[in-house]
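Our numbering numbers the first residue of the sequence shown as -8 and each following residue consecutively.
Below is one structure, written out as structure tokens; the observations come after it.
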Amino acid sequence: MWRLGLSKRSTKSSTVLRTLFREYYTRAELLLPPDFQLREFAFQLFGSSTYVRHKSFISESELRSYLVQHTPLHAYFSAARYLDPTRTSMEEKGRIGTDLVFDIDADHIPGCEEEAVTYYLCPECGAAYTEPVDKCQHCGAKPIKQVFIPEKCIQRAAHQALLLVDVIREDLGHKNMTITFSGHRGFHIHVMLPDDVAKMGSEARREILQYLLGEGVLLEDLVVTHVKRRRRIYVRPPPRIVEGGWRRRIAKYLASHLRVRDIALFVEGRPHTIDPSRLVAHAEAINKLIEEAVYAMRIYVDEKVLLDLSRLVRMPGSLNGKAGLLVKPLSPNELQDFVLDESLSPFAGLTLRVRARISIGPLEVLGEVVRLRRGELMKIDGARGVFLALKGLVEVVEVD
């Protein structure tokens, strides 16, 4: 049984998928850190629920040969650098330091978990349930849970990742980073740290987490207030971009949402001063936006990933075995314009004949709506066909 999909998958279907992955790795454009020789590599192979760990490679060609020969479902390297990454215990490996790794998953973003569509699929008879069941009502088998995240939530995750890139650069002061689409439903940001900084422990990393969430940020310290003494009005202005930290982040939100041009320019730092009466006149609207900004600028990352000093990172340029999509490196501009579609699959130019294993739908798959009827043969493009096959919803009959 392949734990990422349904049981009783046809041997031919699994063979076709593995062959497609192997052919991809013969030409894959891998993006490795310059010190990859100091990192542990790990792989999950087709048909296995365990990982092959403690691997090390001295060259990209050696790594590529391994990928082609063994054809993993998932490929990773460590966020940590080690004196000897091939040793089996962390103590013997000799950790030099650990990079910062941020994982933004769409189902961790507030509101998206509720919008996810969850099915419980019977691996024996193909029944599909929308509510949890311990066993299939038709055949008694144990259903397998599959969660489908709306693509609008992937867009929200991309926006969160863009906010995070800004914080890493402007507030944390790190420029050396790799941004990737995870190949499924989220984004990874790998910040490569110098050895002295990379020695920071989990508690220091927790402080970064707390900063991203705005813990300790008080609304009353941010809003516009004023007092009148004798004939003068004393005004506390709103946050401005030149101030840095959370005030800078809130100011960016204000600048993009304020409809009063002179105040928006003041928040941006142009000009340096403004008539205090203008701030007083619009204080209510400004303060409402500040309150919105405190929530809108929070960044939700996977806590375990950030704090784990021996975490594994998906290899950029590899394939995510949950969906068959590229772990794709992105520039900030590409992240801003990100669209989840077939261009993220190396199999987009293929046509597959597949047989539905489940009656289910409608499902949104890479921007198109798909409906399946158990036992039905259909032709489908390679990107969506591989996606559905890896989810256990169809079996691949042949590649046209």
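In this text, a Cβ means the ideal position worked out from N, Cα and C, and glycines have one as well.
**Message:** Can you check which of these residues, L270, G260, I351 and K279, is closest to A119 by C-alpha distance?
**Reply:** Translated into positions along the sequence shown, residue 119 becomes position 128. That would be I351, whose Cα lies nearest to the Cα of A119.
**Request:** Whole angstroms is fine: what's the gap from L357's alpha carbon to L58's?
**Result:** Counting from 1 along the sequence shown, the entry for residue 357 is found at position 366. Counting from 1 along the sequence shown, the entry for residue 58 is found at position 67. Cα to Cα, L357 sits roughly 26 Å from L58.
**Prompt:** Do we get a CB-CB distance below 8 Å when we pair E51 with the residues of chain B?
**Reply:** The displayed structure is made up of one protein chain only, and chain B is not part of it.
**Message:** Which residue wins for smallest C-alpha separation from H175, given the options F139, A195, G340 and R55?
**Reply:** Indexing the sequence shown from 1 puts residue 175 at position 184. Nearest of F139, A195, G340 and R55 to H175, Cα basis: F139.
**Asked** Tell me which same chain residues have a C-beta within less than 7 Å of the C-beta of A149, skipping the five on either side of it?
**Response** Sequence index remark: in the sequence shown, residue 149 carries index 158 (1-based). Answer for A149: F178, L326 and F329, listed in chain order.
**Request:** Can you tell me which of the three DSSP states V356 falls into?
**Result:** The sequence position of residue 356 within the sequence shown is 365, counting from 1. Strand at V356.
**Under 8 Å between C-beta atoms of R362 and L384** = As a position in the sequence shown, residue 362 is number 371, starting the count at 1. As a position in the sequence shown, residue 384 is number 393, starting the count at 1. Taking 8 Å as the Cβ cut-off, R362 and L384 do not qualify as a contacting pair.
**Bridge partners - P63, DSSP secondary structure assignment** = One-based indexing of the sequence shown puts residue 63 at position 72. Looking at the DSSP assignment, P63 forms a beta bridge with L36.
**Request:** Would you decide whether D332 is buried or exposed? Buried here means 16 or more other CB atoms lie within 10 Å of its CB.
**Result:** Here residue 332 corresponds to residue number 341 of the sequence shown, with the count starting at 1. Exposed.
**Request:** Only counting runs of 4 or more residues, tell me where the alpha helix (DSSP H) segments fall wholly within the stretch 54 to 141, in order along the chain.
**Result:** 81 to 84 and 103 to 106
**Request:** Work out the CA separation of R231 and E194 for me, nearest whole Å.
**Result:** Position 203 of the sequence shown holds residue 194. Position 240 of the sequence shown holds residue 231. Between E194 and R231, the C-alpha separation is close to 30 Å.
**Asked** Using a Cβ-Cβ cut-off of 7 Å (strictly less than) and excluding sequence neighbours within five positions of R364, which residues of its own chain qualify?
**Response** Numbered from 1 along the sequence shown, position 373 holds the residue referred to as residue 364. Taken in chain order, the residues that qualify are A347 and S350.
**Prompt:** Contact between the stretch 151 to 171 and the stretch 125 to 138: three or more CB pairs below 8 Å?
**Reply:** no
**Request:** Grab the span of the beta strand (DSSP E) containing V182 for me, first residue to last.
**Result:** Your numbering for residue 182 matches position 191 in the sequence shown. Taken as a continuous stretch (DSSP letters only), the beta strand (DSSP E) holding V182 covers G177 to V182.
**Message:** So the candidates are L36, E51 and A272; which of them puts its Cα closest to the Cα of R44?
**Reply:** On the sequence shown, residue 44 is found 53 positions in, with the first residue counted as 1. Closest by alpha carbon: L36.
**Request:** Return the chain-ordered list of same chain residues with a C-beta closer than 6 Å to the C-beta of S47, the five sequence neighbours on each side being excluded.
**Result:** Counted from its first residue, the sequence shown places residue 47 at position 56. So the qualifying residues of the chain are P76 and T77.
**Request:** Go to R238, then tell me how far its beta strand (DSSP E) extends in each direction, as first and last residue.
**Result:** For this step, residue 238 is matched to residue 247 along the sequence shown. No beta strand (DSSP E) contains R238, which is instead part of the alpha helix (DSSP H) from G236 to H248.
**Request:** Pick out whichever of T17, L74 and E20 has its Cα sitting closest to the Cα of Q28.
**Result:** Position 37 of the sequence shown, counted from the first residue, corresponds to residue 28. Comparing Cα-Cα distances from Q28 to each of T17, L74 and E20, the minimum goes to L74.
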